[in-house]
Amino acid sequence: MIGVRPGRNDLGGYLYGVSPPDNPQVKEIRCVVLPPQWDTHETVHLPNILPEHESFKDMEPLGWIHTQPNELPQLSPQDITTHAKIMNDHASWNGEKTIVITCSFTSGYAPSHYEKVQLDVRHDVDMKYDLILSDPKEFYHEIHRPSHFMNFSNEEN
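Counting the sequence shown from 1 gives a position; the working numbering is that position plus 62.
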């Protein structure tokens with residue numbers, strides 16, 4: 063997840079898994095679902111609707127994971143609020159069986175690594191969305207930046 067996260071911003075994913083037949087107290091993470099989301103350096107905003115897909119329909123929700131730019135000594139208030147909201151909105155999320163995992167990786171930083179630009183993003187927490195079973199594309203992959211490549215096309219004409 064750290065390899066596909068957007069710079070220093072958060073990236074969140076839902077965890078799904080199973081218990082081995084011989085030990086119901088053990089949970090094996092089998093799937094991480096990266097739903098549509100928007101984020102800042104402090105929190106990630108996930109859709110209100112949980113994902114559904116044939117590949118994890120027989121798995122139980124285990125919680126969610128997200129990246130963060132810096133390690134904290136405890137869960138942030140935003141993490142606690144997000145987890146409580148998911149549990150409140152979805153009966154399948156049991157507070158005794160679901161967790162929050164955070165992972166941090168502070169990469170190198172220099173002013174030459176970024177450019178301030180106007181960004182207009184529309185995010186609807188009640189949107190319907192489809193899932194694609196695959197490894198996520200890296201953050202700077204062309205599929206995430208169609209307007210960038212359209213500018214090249216327009217310059218050539």
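We treat Cβ as the ideally placed atom computed from N, Cα and C, and that holds for glycine. Values in this document were obtained by computation on a predicted structure and should not be read as measured data.
Range covered by the beta strand (DSSP E) that runs through residue i
i: Pro123; result: Glu122 to Gln130
i: Glu133; result: It is not in any beta strand (DSSP E) - Glu133 carries neither H nor E in the DSSP assignment.
i: Ser166; result: Ile161 to Ser166
i: Ile91; result: Glu90 to Val95
i: Gly79; result: Gly74 to Val80
Burial state of residue i, where buried means 16 or more other Cβ atoms lie within 10 Å
i: Leu73; result: buried
i: Gln130; result: buried
i: Asp141; result: buried
i: His203; result: exposed
i: Leu181; result: With a pLDDT of only 49 at Leu181, under the threshold of 50, the placement of this residue in the model should not be trusted; the figure read from the coordinates follows. So Leu181 counts as exposed.
i: Val88; result: exposed
i: Leu195; result: exposed
i: Gly157; result: exposed
Whole-angstrom C-beta distance between residue j and residue i, which should lie under 8 angstroms
i: Cys165; j: Ile127; result: 7 angstroms
i: Leu134; j: Gly79; result: No, Leu134 and Gly79 are not in contact; Cβ-Cβ is about 25 angstroms, not under 8 angstroms.
i: Leu193; j: Pro113; result: 6 angstroms
Start and end residues, alpha helix (DSSP H) containing residue i
i: Ile142; result: Pro139 to Asp151
Is it a yes or a no for the stretch 86 to 103 touching the stretch 142 to 155, going by three-plus beta-carbon pairs under 8 angstroms? In short, these stretches do not touch, since the Cβ pair count stays below three.
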